[in-house]
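Protein chains in written order, with the numbering used here: chain R, 32 to 321; chain W, 32 to 321.
Using N, Cα and C, we set each Cβ at its ideal position, and we do this for glycine too.
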DNA sequence: TAGCATTGTGAACATCTTGTGACGATGGAT
DNA sequence: ATCCATCGTCACAAGATGTTCACAATGCTA
């Protein structure tokens with residue numbers, strides 16, 4: 032929206048390979064001494080960072096794609112709480128570290144309850160600020176074991192996180208980054224329905240605005256590539272008014288294959304397969320398909 | 032910016048349908064005063080917690096299946112760092128909050144780098160400890176959300192919130208979003224009568240205008256689908272002038288099955304089953320049915 | 001039993017959602 | 001500087017879902 036910092040996009044929250052990803056930080060503060068010292072440290076660490084001197088609208092913060100934000104509530108003035116609450120609501124994935132002057136226990140508790148991840152009282156040592164930011168960010172990327180994950184298979188496709196790519200046999204689906212993130216996310220949900228909002232916030236890192244069609248568009252692109260590579264299967268199922276569900280289902284009439292064995296009793300729906308083949312719209316499978 | 036900590040001061044951001052999951056906490060400390068006050072607070076919150084007085088081997092901590100651990104490094108003695116590092120390595124998902132006496136910046140940074148999620152300096156207010164523990168735990172269980180809920184069963188139907196759908200055996204009821212929300216709401220009420228106004232406001236989010244028939248219409252749609260999928264049962268009962276009640280009742284003459292035992296007094300109405308089968312209308316239950 | 005109020009029904013109508021193809025912006029690579 | 005891949009937004013069309021309405025059926029009260 033407003034501006035980007037420098038380099039291309041920072042690793043999406045979900046993403047990240049093994050190496051310590053570069054962090055992208057913003058500091059919202061006016062204390063020039065503090066800023067100067069902190070900036071110097073951040074530079075040395077190689078973290079992308081920028082300094083904001085005045086309350087930035089939550090939307091603008093969203094556009095910055097930050098890993099974390101260090102903020103002095105004093106800069107925000109009277110609407111500090113409101114601002115904080117809105118920001119936390121819009122960016123559940125953003126690490127927020129309040130670093131501000133003397134405060135009461137009640138204030139700190141309130142800030143933390145509103146969604147702040149940490150609260151540091153000034154004066155403080157910049158090294159501690161950095162350590163706490165790291166701590167906050169560290170927790171965010173939980174399933175760090177991406178590298179160790181075995182490849183996931185569903186129907187004919189094999190999703191290999193180590194290559195950021197999906198395959199059918201030896202052929203690559205040639206997925207782009209977003210497409211891969213999407214299929215990975217869906218497949219990881221193991222047949223659960225994921226709401227659009229959740230998909231969006233996990234892929235893009237912030238809250239979806241009403242009317243955004245990005246998820247739909249990427250689902251279509253993914254479907255096209257899946258269809259081309261594995262025409263006899265359906266993988267992504269639409270749940271009207273809700274979102275999408277990933278489950279490999281064979282279109283071959285003689286049997287109903289699903290990536291989860293021991294699952295679908297035949298005659299799962301009373302609908303004929305033909306209709307399934309015609310549309311992505313989908314009825315639920317048996318509950319025990321999980 | 033002044034405020035006190037009153038009871039329901041700030042709703043947890045996670046708020047919404049799912050009741051705040053019970054947390055399981057351990058406190059490793061010897062400061063009896065601190066422990067006593069903190070325990071009292073934890074009790075009131077309904078969190079499961081236990082107090083440990085001496086360094087517990089990491090394996091033992093694993094077995095406790097904690098959400099978070101509050102620890103005073105002083106208890107650990109000289110091997111505190113080593114212990115901390117081992118624990119963090121073994122349980123990357125465990126929230127670790129160090130709560131200990133005066134320390135240097137270097138010590139705090141070291142602790143945080145080793146894997147601690149937060150560091151509180153004593154003396155401190157127990158409310159702040161709790162708020163920081165919540166903050167630490169908050170992000171850890173984000174993606175779970177709705178998936179945690181076990182499926183609800185009533186009569187022949189199984190309501191699965193992870194699929195936004197209800198099933199009878201292997202067959203889906205093919206509910207739309209609103210229909211599903213309705214059955215979910217009714218079923219969650221466990222046999223209580225829900226007034227129209229309440230149903231409306233919980234599903235639509237605003238208050239019902241007089242004369243709005245939406246709830247009735249959706250009840251009918253739901254009934255149709257339930258009837259088709261499970262003809263020998265009645266699930267939604269009308270309470271004239273009030274609203275609806277969800278309870279699985281078998282139409283088979285030999286016995287009256289109800290999903291909520293002890294709710295419907297036998298011979299609950301003096302009506303014969305035949306009439307029940309003919310209409311949805313339903314007399315009030317005995318007062319204790321509430 | 002009559003009469004009014006409440007609820008059940010079916011269908012028409014209004015909205016909202018999703019699938020799709022195309023386009024312009026952006027950033028990296030050649 | 002130019003070319004290419006990717007992304008995200010639009011506008012449109014086809015469907016699905018949600019709402020409203022008129023009327024029938026049922027319940028409650030006088």
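Sort the options by Cα distance to residue i and report the nearest one.
| i | options | result |
| --- | --- | --- |
| residue 90 of chain W | W/247, W/119 and W/77 | W/119 |
| residue 84 of chain W | W/240, W/65 and W/77 | W/65 |
| residue 261 of chain R | R/211, R/239, R/229 and R/198 | R/198 |
| residue 82 of chain W | W/60, W/210 and W/92 | W/60 |
| residue 217 of chain W | W/192, W/257, W/267 and W/240 | W/267 |
| residue 210 of chain W | W/74, W/190 and W/108 | W/190 |
| residue 104 of chain W | W/220, W/94, W/139 and W/245 | W/139 |
| residue 146 of chain R | R/71, R/152, R/92 and R/128 | R/128 |
| residue 152 of chain W | W/159, W/168, W/133 and W/163 | W/133 |
| residue 160 of chain R | W/170, W/168, W/137 and W/162 | W/137 |
| residue 106 of chain R | R/69, R/62 and R/74 | R/62 |
| residue 222 of chain W | W/144, W/204, W/73 and W/185 | W/185 |
| residue 282 of chain R | R/270, R/263 and R/271 | R/263 |
| residue 96 of chain W | W/54, W/108, W/112 and W/67 | W/54 |
| residue 270 of chain W | W/94, W/226 and W/253 | W/226 |
Under DSSP, the alpha helix (DSSP H) around residue i begins and ends at which residues?
| i | result |
| --- | --- |
| residue 226 of chain R | Taken as a continuous stretch (DSSP letters only), residue 226 of chain R belongs to no alpha helix (DSSP H), being part of the beta strand (DSSP E) at 224-226. |
| residue 216 of chain R | 208-219 |
| residue 91 of chain W | 89-95 |
| residue 254 of chain W | 245-260 |
| residue 83 of chain R | First-last for residue 83 of chain R: 79-83, but that is the beta strand (DSSP E), not the alpha helix (DSSP H). |
Can you have a look at residue i and say buried or exposed, based on whether 16 or more other CB atoms are within 10 angstroms of its CB?
| i | result |
| --- | --- |
| residue 80 of chain W | buried |
| residue 110 of chain R | exposed |
| residue 56 of chain W | buried |
| residue 236 of chain W | exposed |
| residue 181 of chain W | exposed |
| residue 165 of chain R | buried |
| residue 192 of chain R | buried |
| residue 131 of chain R | buried |
| residue 124 of chain W | exposed |
| residue 88 of chain R | exposed |
| residue 142 of chain R | buried |
| residue 259 of chain W | exposed |
| residue 250 of chain W | buried |
| residue 242 of chain W | exposed |
| residue 98 of chain R | buried |
| residue 187 of chain R | buried |
| residue 256 of chain W | buried |
| residue 248 of chain W | exposed |
| residue 273 of chain W | exposed |
| residue 232 of chain W | exposed |
| residue 75 of chain W | exposed |
| residue 58 of chain R | buried |
| residue 162 of chain R | buried |
| residue 148 of chain W | buried |
| residue 205 of chain W | buried |
| residue 208 of chain W | exposed |
How far does the beta strand (DSSP E) with residue i in it extend, from its first residue to its last?
| i | result |
| --- | --- |
| residue 114 of chain W | Residue 114 of chain W -> not in any beta strand (DSSP E); alpha helix (DSSP H) instead, spanning 111-121. |
| residue 267 of chain W | 264-270 |
| residue 185 of chain R | 183-185 |
| residue 74 of chain W | First-last for residue 74 of chain W: 63-76, but that is the alpha helix (DSSP H), not the beta strand (DSSP E). |
| residue 279 of chain W | 274-281 |
| residue 99 of chain W | 99-102 |
| residue 197 of chain R | 196-199 |
| residue 144 of chain R | Not the beta strand (DSSP E): residue 144 of chain R falls in the alpha helix (DSSP H), residues 136-145. |
| residue 129 of chain W | 126-131 |
| residue 241 of chain R | First-last for residue 241 of chain R: undefined, no H or E at that position. |
| residue 152 of chain R | 149-152 |
| residue 22 of chain R | In this structure chain R extends from 32 to 321, so residue 22 of chain R is not present and cannot be described. |
Is residue i near the ligand SAM, with its Cβ less than 6 Å from a heavy atom?
| i | result |
| --- | --- |
| residue 230 of chain W | Absence of the ligand SAM from the depicted structure is noted, as is the absence of any ligand whatsoever, leaving it without description. |
Cβ contact (3+ pairs, closer than 8 Å) linking the segment 270-282 of chain R and the segment 192-210 of chain R: No: fewer than three Cβ pairs fall under 8 Å.
Near-chain W residues of the segment 153-173 of chain R (beta-carbon distance less than 9 Å), N- to C-terminal order: Under the 9 Å Cβ criterion, the segment 153-173 of chain R contributes 155, 156, 158, 159, 161, 162, 163, 165, 166, 167, 169, 170, 171 and 173.
Near-chain W residues of the segment 125-152 of chain R (beta-carbon distance less than 9 Å), N- to C-terminal order: Result list: 126, 134, 135, 136, 137, 138, 139, 140, 141, 142, 143, 144, 145, 146, 147, 148, 149 and 150.
Contact list for the segment 191-215 of chain R against chain W, Cβ threshold 9 Å: For the segment 191-215 of chain R, which is checked against every Cβ of chain W, not one residue is closer than 9 Å.
Residues within the segment 257-284 of chain R neighbouring chain W, beta-carbon criterion of under 8 Å: Near chain W, meaning a CB-to-CB distance below 8 Å, the residues of the segment 257-284 of chain R are 270, 271, 272, 273 and 276.
Positions along the segment 219-232 of chain R whose CB lies within less than 7 Å of some CB in chain W: Residues passing the 7 Å Cβ filter: 223 and 224.
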